């Protein structure tokens, strides 16, 4: 491990600490999972704020884990760092012997380390081999994707994961170029993308290669598929009163998060029953109305926070939830009965 590359400013740090505090600071030893450890900025702050909390830090990037291990060395007696993707959480908890957790954070997307490392191929502004793997020990590279996918598959990846309007044109340019020579350079790919987009469109929306590089990164690392599996598993692992915080930077990430939470915060029983059927009530409550956005001060201090969307939820006590629903239904029936014919005072 060499010198730390790039800078790392944890996104929405104070808000994350505020949301996690009731779950991690409720007395005794608590368990916190950082599902996307990165350079451990959030994790370090949590360990400092909660001296009895145990950290389980997951990351697929071995370089990030090495840096995090140095940063968290003073907390070594209550830290477990695991080379794993977040959809492997159930296996990690089982191996470590933790039946439940009290808090978990997902800080999605590409890390500062990966983005700032020119040799990793994530950045379109720097020439590098087309890798884009967060875990460089396994998986296909972006080079393999752009040189082997069919035109329809390439266009689908760029359109769905990058929300790229010119996905078809970019895919055609890639196919033409690779028929002449294999595409191995991020600079060459960025140039192909730029030349494929009409000049008027290039003048708005930032760098013309931004959406394509994002789409390739998501495809290479199976980010959305892993997230769809990981969120329900994380919610299942939380104890009563436990909390989950998710920071998303892409509309598809936020959509998956919103759907996973919506499934847990609504009742699944018939709405016209006077009481909640056992096991049919909401198991979580949202901790904010909709997605929280960063403030101007946050974005000024950390421009990479500009696109973040925060969602958070807390696991409910099922007995308390059902009792609360019963009380509300009794009250509703009393009010309704007062307006029925023949129920007034004599």
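Numbering (full-length UniProt numbering), first residue to last: 1 to 346.
Don't be surprised by glycine CBs; every beta carbon is placed ideally from N, CA and C.
Being a predicted model, the structure only gives us computed values, none of them experimental.
- DSSP places residue 228 in the uninterrupted alpha helix (DSSP H) bounded by 223–237.
- The distance from the Cβ of residue 19 to that of residue 40 is about 18 Å, inconsistent with a contact at the 8 Å cut-off.
- Less than 7 Å divides the Cβ of residue 219 from the Cβ of residue 145.
- In this chain, the alpha helix (DSSP H) harbouring residue 93 covers 89–96.
- Using a 10 angstroms sphere on the CB of residue 96, the tally of other CB atoms stays under 16, which defines it as exposed.
- Around the beta carbon of residue 50, 16 or more other beta carbons sit within 10 angstroms, so the residue counts as buried.
- With respect to the C-alpha of residue 132, the residue from 217, 17, 289 and 197 having the closest C-alpha is 217.
- It is roughly 43 Å from the alpha-carbon of residue 140 to the alpha-carbon of residue 26.
- Cβ-Cβ distances below 7 Å link residue 196 to 166, 169, 170 and 173 in the same chain, with the five nearest sequence neighbours on each side left out; the list follows chain order.
- Here residue 309 is buried: its Cβ has 16 or more other Cβ atoms, across all protein chains shown, within 10 Å.
- Assignment of beta-bridge partners to residue 107 by DSSP yields 247.
- Looking at the backbone, the Cα of residue 105 and that of residue 234 are separated by about 10 Å.
- Separation of the CB atoms of residue 103 and residue 23 is rounded to 5 Å, and the pair is thereby assigned contact status at 8 Å.
- Following the DSSP letters along the chain, one finds residue 310 inside the beta strand (DSSP E) bounded by residues 309–315.
- DSSP, read as helix, strand or coil, puts residue 62 in helix.
- If you draw a straight line from the Cα of residue 109 to the Cα of residue 213, it comes to about 12 Å.
- Under the DSSP assignment, residue 32 falls in the beta strand (DSSP E) whose first and last residues are 30–34.
- Your pair residue 86 and residue 259 does not check out as a contact, with CB atoms roughly 17 Å apart and the cut at 8 Å.
- A direct Cα-to-Cα measurement between residue 236 and residue 129 gives close to 39 Å.
- The shortest CA-to-CA distance from residue 186 to any of 180, 194 and 179 is the one to 194.
- Counted as a single uninterrupted DSSP element, the alpha helix (DSSP H) harbouring residue 42 occupies residues 41–49.
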